[in-house]
Amino acid sequence: LLADMGKLTSADLKMTDEKLKAYEGEVRTLRAWAYYNIFEIWGGALPLNIEPATVDGELPPTADPDFDTSCKKIYNFIATELDDCYEGMVENQVNRMNKAVNRIIKARLLLNAEVFIKESHYTECAELCREIISGKYGNYELAKDYRDIYSINNTECPEVIMAFACEDGKLNMGWMRMTFYPYNIWDYFGGTYSQSGWNCTCLVPSYDNAGTVNELGGTQGATCFLDAAYGDKLGAVYERFDDRDIRKKNYNYDKKNGYSGIFLKGTIKANYGKGEALKADAARDGQDLAYVDQVGTFMNLGRNLETVMSPRWGETNSGLRLVKYPVYPTSAAIDFQNIDEVEFRLSEVYYMLAECEMRAGQADKAKELVNEVRKRYFSAGDWADVKDKPGRGFTAFDMDWMLSQWGVKFLNEGRRRRTDLRRFDKFTQGQWWFFGRATDNGQLYPAKRDRKYEWYPLPASALLVNQGLIQNPNYK
């Protein structure tokens, strides 16, 4: 596309030079973002495929035979591409690649530079974040009501910088929500949509399986992974939310007040908890459906229950479920499948700047920035007490706390590996839930894993098609 655009003038396209430049910047930014997303997975094993295809279809090889040198070349290409094309881009257009999106991608690149090219660029990242927050690349502000970010009119939310336009029958992300829900979820939500629940995804559990087994699953007397017996700084998703956080309750909707809460926990009853209990399926067919914040074989099927078990041993009601984006009842006449999927928003910039401050030894500044976002999740009275406490499992506003805040804020938004774990050296070296505690086939899941898994191997299918690709050296 860029090659074809280069052959045309604005007169050919019957548009102004400014508009053509904006379109070109949009396409180049989209390409840079696509490269960023695959770069953080495969690193220096990638080619630099930036020229039009040749007549004979020859494919470009890996950017450089040396993995680290290749990483540097790809990193520099993304950075230069972003810097060279943002000037003429549009501002404040939510469903398009815009100027602020370009700068956020650059900030993400700088934030992760130590992972990508073994160089620290936190100072430059902080400077760029301050520019974005100041309004240099478009006028944005933090939403006062967090629900505005995810609701049907989220393109009007001042915090949303870019969102994928969604519409049922065209592009929609609603199917992703359904992975959390049971087959009969519409009895809860009050909908008549064609999509059905998959019941194959849950949140990482907060508790082990110690104690007395309950009839509907889970146990009485379990220990939280955040507490002293374990002392985890990762995982335990639900219990890392403060009990006073207005999001920490079961999802509900009413026409007057809209929706509230983002979880499904405990016995799930029809009509937002007002009706009869939904029935479970699989081994618990016919029982009341009760989601527990634990994962294990509480019916001793396939394997006897153990204190900590891996994900493969979950039951149909293991783990809590998430309702991050609202699912509206049919009576609301709002199709949840038409909610735009947010990819870039201002709060991420606040968190990037906060992390840069934390790494510079400015913990108080980091806390202030995070708290600017967090305060909307609490009543004024509760916030006065919450704001100066790091929360359950933490004793200070430190790097562990910062990593935890990334996880809580961007829960299920597809950023945990990219934005957090590798940069904090926790992707293979961090311990939570079953790592170092659960066994399968007589082997213990290691508390720490081989660092080679931090870069993924190129698939055999890619290597067969392109003989010039060089496999990640960790997998040769």
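Going by UniProt numbering, the final residue of the sequence shown carries number 476, and the count climbs one at a time with no gaps.
Even glycine gets a Cβ: it sits at the ideal position worked out from N, Cα and C.
Expected contact under 8 Å - CB spacing of residue i and residue j to nearest Å
i	j	result
A113	L128	About 12 Å; that fails the 8 Å criterion.
L278	Y150	Actually they are not in contact, since the Cβ atoms of L278 and Y150 sit about 24 Å apart, beyond 8 Å.
residue 477	Y350	The chain is shown only over 1 to 476; residue 477 falls outside these bounds and no answer can be derived.
R247	G261	6 Å
P459	N472	P459 to N472, Cβ: 11 Å. No contact.
E341	F225	Actually they are not in contact, since the Cβ atoms of E341 and F225 sit about 31 Å apart, beyond 8 Å.
F344	I104	5 Å
A280	T316	5 Å
W401	F410	About 15 Å; that fails the 8 Å criterion.
R28	L2	7 Å
Y140	E156	At roughly 12 Å, the Cβ-Cβ gap does not stay under 8 Å, so Y140 and E156 are not in contact.
N209	Q294	6 Å
Y253	P329	6 Å
G44	D12	Rounded, the Cβ-Cβ distance is 39 Å, inconsistent with contact.
S331	G190	7 Å
V386	L142	Actually they are not in contact, since the Cβ atoms of V386 and L142 sit about 17 Å apart, beyond 8 Å.
M352	C125	6 Å
W186	T192	7 Å
I78	L109	6 Å
L234	G430	5 Å
G314	E306	Contact doesn't hold; Cβ gap of about 13 Å is too wide.
L469	P47	7 Å
G407	D388	Not really, about 21 Å apart at Cβ, beyond 8 Å.
Y325	Y146	No, Y325 and Y146 are not in contact; Cβ-Cβ is about 12 Å, not under 8 Å.
M89	G25	4 Å
R321	Y181	6 Å
A236	S206	4 Å
Delimiting residues of the alpha helix (DSSP H) encompassing residue i
i	result
Y23	17–42
S461	460–465
F116	113–117
A3	2–6
G57	Counting along the chain, G57 falls outside any alpha helix (DSSP H), and DSSP gives it neither H nor E.
W406	399–409
Identified DSSP bridge partners for residue i
i	result
R376	Paired residues: none, contrary to the question.
K269	A277
residue 551	Shown here, the chain extends from 1 to 476; a query on residue 551 therefore has no answer.
C224	Y207
A291	Per the sequence presented here, residue 291 reads as Tyr, with Ala not at that position. Answer is G266.
D440	Q443
P47	T62
S318	V292
T219	V213
Range of the contiguous beta strand (DSSP E) that encloses residue i
i	result
F77	Unbroken run through F77 is the alpha helix (DSSP H), 67–85; no beta strand (DSSP E).
Residue i beta carbon near the ligand ATP (any heavy atom closer than 8 Å)
i	result
W313	Absence of the ligand ATP from the depicted structure is noted, as is the absence of any ligand whatsoever, leaving it without description.
Beta carbon proximity, residue i to chain D, threshold 9 Å
i	result
F39	Protein chains in the displayed structure number just one, and chain D is not present.
At 3 residues or longer, what runs of the beta strand (DSSP E) sit wholly inside the segment 135–199?
Runs of the beta strand (DSSP E) lying entirely within the segment 135–199 and spanning at least 3 residues, in chain order: 160–164.
Could you tell me whether the segment 2–19 touches the segment 73–86, using the rule of 3 or more Cβ pairs below 8 Å?
Touching, no, given that fewer than three Cβ pairs across the two stretches are closer than 8 Å.
Say whether the segment 298–312 touches the segment 206–218, bearing in mind that this needs 3 or more beta-carbon pairs closer than 8 Å, one atom from each stretch.
yes
Any contact of the segment 327–336 with the segment 263–270, i.e. 3+ C-beta pairs under 8 Å?
Under the Cβ criterion (8 Å, minimum of three pairs), the segment 327–336 does not count as touching the segment 263–270.
Which residue spans inside the segment 326–388 form an unbroken alpha helix (DSSP H) run of at least 4?
346–359, 363–374, 380–386
Three Cβ pairs or more, each shorter than 8 Å: is that satisfied between the segment 440–452 and the segment 237–246?
no
Is the number of C-beta pairs between the segment 120–137 and the segment 353–360 that are closer than 8 Å three or more?
yes
Hey, is the segment 28–37 in contact with the segment 86–103, meaning 3+ C-beta pairs nearer than 8 Å?
yes
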